[in-house]
Amino acid sequence: MIYNLIQIPFRIALLPAPPDKVMLGFTIVDIACDVIFLVDMYIKYNHLIIIDKNGDEVVSLALIRSNYVHGQPFKIEACASLPLYYVGNYQVMTLCRLPRLLRSSQLSKYLRSFHTFVQEQTASAAVTEGLEFVKLFLTLVLASHLAAMGLFLISHAEHGDQHGDGANDVTDDVPSWYSHDFVIEQFHGSIGATYLRAFYWGLGLSSFDYMDIHVSKAGETLWFCVVALSGVVEMQLQNFAFYAKMKKLPGFMVRRAKLFFQFQLDCNKGMDAHEIFRDLPQCLRLELFKDLYANLLAPIPIFSMLSPAQLNAVAERLHSKLYLPGDDIIMEGDVGNALYIMKQGLGEKHLRTFQLIVAPVYEGSSFGEVAFFLAKRHSHGVRAVKCCEVLCLTKADWTSAWSSEVCRSRAMCLLCGLCLCGLGQPQLQSQDGHGG
Numbered sequence: 008m009i010y011n012l013i014q015i016p017f018r019i020a021l022l023p024a025p026p027d028k029v030m031l032g033f034t035i036v037d038i039a040c041d042v043i044f045l046v047d048m049y050i051k052y053n054h055l056i057i058i059d060k061n062g063d064e065v066v067s068l069a070l071i072r073s074n075y076v077h078g079q080p081f082k083i084e085a086c087a088s089l090p091l092y093y094v095g096n097y098q099v100m101t102l103c104r105l106p107r108l109l110r111s112s113q114l115s116k117y118l119r120s121f122h123t124f125v126q127e128q129t130a131s132a133a134v135t136e137g138l139e140f141v142k143l144f145l146t147l148v149l150a151s152h153l154a155a156m157g158l159f160l161i162s163h164a165e166h167g168d169q170h171g172d173g174a175n176d177v178t179d180d181v182p183s184w185y186s187h188d189f190v191i192e193q194f195h196g197s198i199g200a201t202y203l204r205a206f207y208w209g210l211g212l213s214s215f216d217y218m219d220i221h222v223s224k225a226g227e228t229l230w231f232c233v234v235a236l237s238g239v240v241e242m243q244l245q246n247f248a249f250y251a252k253m254k255k256l257p258g259f260m261v262r263r264a265k266l267f268f269q270f271q272l273d274c275n276k277g278m279d280a281h282e283i284f285r286d287l288p289q290c291l292r293l294e295l296f297k298d299l300y301a302n303l304l305a306p307i308p309i310f311s312m313l314s315p316a317q318l319n320a321v322a323e324r325l326h327s328k329l330y331l332p333g334d335d336i337i338m339e340g341d342v343g344n345a346l347y348i349m350k351q352g353l354g355e356k357h358l359r360t361f362q363l364i365v366a367p368v369y370e371g372s373s374f375g376e377v378a379f380f381l382a383k384r385h386s387h388g389v390r391a392v393k394c395c396e397v398l399c400l401t402k403a404d405w406t407s408a409w410s411s412e413v414c415r416s417r418a419m420c421l422l423c424g425l426c427l428c429g430l431g432q433p434q435l436q437s438q439d440g441h442g443g
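So the sequence shown is numbered by this note's numbering: it starts at 8 and just counts up by one.
Here you go:
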């Protein structure tokens, strides 16, 4: 895995057309790696150790094979081992090796397994610290290598293609980080020197700083953003993993925290719109929040009677919250201090007392309206079934949108809308003094 993770990006970026003898050596090693992969799959298919729900080791060959074939690792390994062999153009031959990089996604799992195996054999603190250093060093080197090769490939595509002779002939009118590098100019045409400088830039980009590198093209800028963002998320995960290890937190809590960080990255890249738009003029901020949330609010019945200006005022005051599967969004019996809108994900309304699921909560639907407007307690709870992004509107934010008199009249209009749509009628007719 490590060999493919290093040499495939290197060949694509810096050595697309190697000499014949070098390509022959690459081909021999590639075939040897493919054979090792196939042997590994054969061993897992026939001898993979699995544990059942009772903690007992499964010895049935049929169950072992069925568990492996229907698992996610088999799909990845099968795609990574596709027999894409081609003899001819060296660059095409290298590109045919790209599926082998899929197995690199399993590298962290194998490193953890090796770490666990070593810890089972010895209780030495020095060995454990040494393994932690090796894992950190390997992660740093591989991340810097991939960042370097991606940066060079994008820069060469944007700058070098404008000149027929490649990257080393880029003129002053097309500035690039490698076209004016002192070391590359001193060792003109040296692949080794170019790689070392690219690795230097990649190390700075993915690890500690951007240094004095200057970007001048859209592709380079996007690559910088992707690498930097990935580094921030990885740093969050590593920091939490270290803290969890020091505090000896349960494994399920660590897994849920990592799931939250990954979901946070998918939803909003770890950024808050209110923080980003904070210093913008009010009119521009309203327009931005309108683009973000107005289309989501308009189809909801309780907002259908609002004017565009009022809808924008509500959109500006919405705050995003993230919930993992099983998290309680609304607790049964709590006072309705906020109105909720399911932006993405799936939830369910349930009665905790009777252990009864009342109804699903789909994307684009609102909930908690009656308790919010009537200042009552929620008659049922709402919990997340999938990872959910929920927009919340607190009473303080609602009140700040208009004067108190207008707010009260608007609330009454909204309640009328609820009743007309059949959303609040059951709760309004209840006799136990609880809202929805």
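Ideal Cβ placement from N, Cα and C applies to all residues, glycine included.
Just so we're clear, the structure is a prediction, and the values are computed from it rather than from any experiment.
Reference residue i, options the options, closest by Cα
i	options	result
residue 40	14, 316, 55 and 28	14
residue 366	353, 122 and 104	353
residue 388	45, 372, 343 and 84	343
residue 408	159, 391, 313 and 376	313
residue 205	156, 376, 194 and 110	156
residue 272	11, 391 and 329	329
residue 45	85, 316 and 337	85
residue 72	270, 381, 51 and 391	51
residue 75	298, 259 and 48	48
residue 9	291, 146 and 356	146
residue 269	399, 331 and 78	331
residue 96	283, 289 and 24	24
residue 373	399, 359 and 199	399
residue 375	364, 360 and 401	401
residue 444	323, 200, 282 and 26	The question about residue 444 has no answer, for the chain in this structure spans 8 to 443.
residue 316	28, 307, 301 and 327	301
Sequence-distant residues of the same chain with beta carbon closer than 7 Å to residue i, five excluded per side
i	result
residue 125	134 and 138
First and last residue of the uninterrupted beta strand (DSSP E) at residue i
i	result
residue 401	395-401
residue 355	354-358
residue 367	363-368
residue 279	Run containing residue 279: none; DSSP gives neither H nor E here.
residue 113	From DSSP, residue 113 is part of no beta strand (DSSP E); its letter is neither H nor E.
residue 337	335-337
Span of the alpha helix (DSSP H) around residue i
i	result
residue 301	Looking at the DSSP string, residue 301 is not in any alpha helix (DSSP H), and its letter there is neither H nor E.
residue 388	Careful: residue 388 lies outside any alpha helix (DSSP H), inside the beta strand (DSSP E) at 388-391.
residue 10	9-20
residue 49	27-54
residue 310	Neither: residue 310 is in no alpha helix (DSSP H) and is coded neither H nor E.
residue 90	Element bounds for residue 90: n/a, residue is neither H nor E.
residue 69	68-76
8 Å CB neighbourhood of residue i in its chain, flanking five on each side removed
i	result
residue 99	93
residue 12	108, 111, 114, 149, 152 and 153
residue 102	19
residue 198	21 and 22
Straight-line gap, residue i to residue j (C-alpha atoms, nearest Å)
i	j	result
residue 30	residue 267	44 Å
residue 193	residue 109	37 Å
residue 346	residue 164	50 Å
residue 310	residue 349	14 Å
residue 274	residue 336	17 Å
residue 19	residue 80	26 Å
residue 377	residue 318	19 Å
residue 140	residue 304	50 Å
residue 341	residue 54	53 Å
residue 355	residue 395	11 Å
residue 370	residue 351	5 Å
residue 119	residue 143	12 Å
residue 325	residue 386	24 Å
residue 34	residue 87	17 Å
residue 362	residue 393	19 Å
residue 207	residue 32	27 Å
residue 22	residue 161	15 Å
residue 382	residue 287	34 Å
residue 195	residue 42	39 Å
residue 359	residue 16	54 Å
residue 159	residue 200	13 Å
residue 391	residue 292	30 Å
residue 285	residue 405	19 Å
Beta carbon proximity, residue i to chain E, threshold 8 Å
i	result
residue 348	Reference to chain E is not applicable here, since this structure consists of a single protein chain.
Bridge partners - residue i, DSSP secondary structure assignment
i	result
residue 97	Beta-bridge pairing links residue 97 to no other residue.
residue 128	BP columns for residue 128 are empty, so no partner.
residue 330	395
residue 346	400
residue 270	In DSSP, residue 270 forms no bridge with anything.
residue 2	In the structure displayed, the chain extends from 8 to 443; residue 2 sits before or after that span and is not available.
residue 384	342
Contacts around residue i, its chain only, beta-carbon distance under 6 Å, and the 5 residues preceding and following it disregarded
i	result
residue 338	388
residue 295	284
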